[in-house]
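**Q** The structure that follows is given in the form of structure tokens.
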Amino acid sequence: MIEPLRHITGTHLLIDHFGGRFLDDPARLEAILRAAAAAAGATVLSGSFHHFGGGNGVTGVLLLAESHISIHTWPERGFAAIDIFMCGDANPDKAAGMLKQSLAPRHVETRRVMRGHSNHFSQPSI
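Have a look at this one:
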């Protein structure tokens with residue numbers, strides 16, 4: 001028998017930071033993202049951060065047991081694009097708050113997507 005899923009799989013925050021600090025510092029960004037994951041109650045499995053050099057930005061990602069946090073920065077534009085996707089008991093809003101506090105953008109725009117919220121999914125009964 002197939003039963004419909006009745007819960008949200010996870011919350012995905014798509015965050016745009018305008019202005020802010022550390023947009024060209026991969027070590028600082030990794031430390032900040034790790035602190036954000038901890039604030040959310042998430043478990044970091046691994047991370048990878050790359051600086052493009054020459055005053056350019058950073059791309060970084062933390063792989064979480066609960067999904068991921070990623071950041072892509074354009075310091076020449078004063079812009080950072082951040083994704084936080086978490087499931088389970090992890091709280092992506094706490095991670096977003098930590099990032100806002102640490103990066104100090106002058107403006108933030110956030111879109112929230114509830115992933116897996118559909119009547120089209122089903123799972124087998126065991």
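Residues 1 to 126 in the UniProt record's numbering are what the sequence shown lists, from first letter to last. The C-beta atom is built at its ideal place from N, Cα and C for all residues, glycine as well.
For the alpha helix (DSSP H) that contains Gly-97, what are its first and last residues?
**A** Per DSSP, Gly-97 belongs to the alpha helix (DSSP H) from 92–103.
**Q** Val-58 and Leu-29: beta carbons closer than 7 angstroms?
**A** Yes.
**Q** Indicate whether Gly-116 and Thr-11 have their beta-carbon atoms separated by less than 7 angstroms.
**A** For Gly-116 and Thr-11, no; Cβs fall outside 7 angstroms.
**Q** Return helix, strand or coil for Glu-109, following the three-state DSSP convention.
**A** Correct three-state label for Glu-109: strand.
**Q** To the nearest whole angstrom, what separates the beta carbons of Val-108 and Ile-15, a pair I think is in contact under 8 angstroms?
**A** Yes, they are in contact, since the Cβ atoms of Val-108 and Ile-15 sit about 6 angstroms apart, within 8 angstroms.
**Q** Which ranges does the beta strand (DSSP E) cover as unbroken runs of at least 3 residues, wholly within the segment 5–74, from first to last along the chain?
**A** Those beta strand (DSSP E) runs which fall completely within the segment 5–74 and span 3+ residues are 10–18, 44–51, 58–64 and 67–74.
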